[in-house]
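What follows is a set of notes on a single structure, which appears directly below.
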Amino acid sequence: MRNNYFFWVIIFSPLITFSQSYISADSANKIILNGGDCSDITFTKVQKLPSLKISIQAFEDTLTEYLKSKGTFYNDVAVKYRFVVSCHSEIKNIQLISSSVSDEHALRQAILKFSTLWLPARQNNFIVNSYVSLDIDIKEDKLDISISQ
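The sequence shown begins at -10 in this note's numbering and counts up one residue at a time.
Right under this line is the structure:
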């Protein structure tokens, strides 16, 4: 009986030793999507950028309509923001990087109002916090948006 025990230990020890002991991306993502905490790490470069739940054109139209409803009009303006899209699709730490307009407050408020339209970034298939740059060019009340790292 004792020999059988050692035989089974020798056979199964590599399975135990080399098994994955960390949480899988799918399990971690389910926890995050159900309101659980994610890592405190914020990535500056990721494999999959934060994106929008809607098309960029629809996002441009949404921001344009919001700005018009507030009575805010910009002409020939270029604004660049950098912010963090959290793993829970929230915009945090919004910073104005450059602007050719003196008062960009209404534009900032519009971006924050529609922060729920963002999808978080992914790194190694895990949902993560990530920086994103948002460039907005406005000409004749027409927005042109681009997203980058």
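Note that beta-carbon positions come from the ideal geometry of N, C-alpha and C, so glycine has one too.
- If you check the CB distance, Thr105 and Ser78 come in under 7 Å.
- Per the coordinates, the alpha-carbon of Val90 lies some 23 Å from the alpha-carbon of Tyr120.
- Here DSSP, grouped into helix, strand and coil, assigns Leu52 to helix.
- For the options Ser40, Asp124 and Ser135, the alpha carbon positioned closest to that of Ser75 is the one of Ser40.
- The C-beta distance from Ala110 to Lys37 rounds to 6 Å, short enough to meet the 8 Å contact threshold.
- Setting aside the 5 residues that flank it on each side, Asn118 is surrounded in the same chain by Thr31, Val73, Ser75 and Cys76, each with a C-beta closer than 6 Å to its C-beta; the list follows chain order.
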